[in-house]
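Colleague:
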Amino acid sequence: MDVPPEVAFRNVERNEAVDRKIVEGIEKLEKVHPRLTSCRVAVEDPHPGRESGRLYRIRIDLGVPGGEVVVTRDPPRRPDEDLLQAVGEAFDTARRRLRKHVEKRR
Numbered sequence: 002m003d004v005p006p007e008v009a010f011r012n013v014e015r016n017e018a019v020d021r022k023i024v025e026g027i028e029k030l031e032k033v034h035p036r037l038t039s040c041r042v043a044v045e046d047p048h049p050g051r052e053s054g055r056l057y058r059i060r061i062d063l064g065v066p067g068g069e070v071v072v073t074r075d076p077p078r079r080p081d082e083d084l085l086q087a088v089g090e091a092f093d094t095a096r097r098r099l100r101k102h103v104e105k106r107r
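Quick note on this note's numbering: the sequence shown kicks off at 2 and runs consecutively.
#1: Quick one: what's A9 bridged to in DSSP?
#2: Would you identify the three-state DSSP class for E82, choosing helix, strand or coil?
#3: Along the chain, where does the alpha helix (DSSP H) that runs through L30 open and close?
#4: Can you check which of these residues, V33, E7 and P6, is closest to R100 by C-alpha distance?
#5: Taking all protein chains shown into account, do 16 or more other C-beta atoms lie within 10 angstroms of the C-beta of A18, making it buried, or fewer, making it exposed?
#6: Which same chain residues, not among the five before or five after A91, have their C-beta less than 7 Å away from its C-beta?
#7: On the premise that P49 lies in contact with L56, defined as a C-beta separation below 8 Å, what is that separation, rounded to the nearest angstrom?
#8: DSSP state of T94, grouped into three classes?
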């Protein structure tokens, strides 16, 4: 990757497990497309003042030669969502979209 990945947390406490999950996700993306130019990940709780339950939005912006692949995982309607699961689902979707992008470019 041309530049180091950028990771931002908004209204979410950063922890080692989530950091590891993000690093693993980025490593898998680099295997799909070794020429990634950039990666920005945003993890946020769009409703920080909720009385009960947490909901997470994950956005992954991938720079690729000649374009960009963007994945936004909006929170489901159920509260008390698991942050690690949300991050994992977002990276799974990003990997699928990146594969499609690679196939289109061939």
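Every residue gets a Cβ at the ideal spot worked out from N, C-alpha and C, and that includes glycine.
Modeller: Based on what the coordinates show:
#1: A43
#2: Correct three-state label for E82: coil.
#3: E17 to V33
#4: V33
#5: exposed
#6: I59, I61, V72 and R74
#7: Contact between L56 and P49 fails: their C-beta atoms lie close to 10 Å from each other, not under 8 Å.
#8: helix
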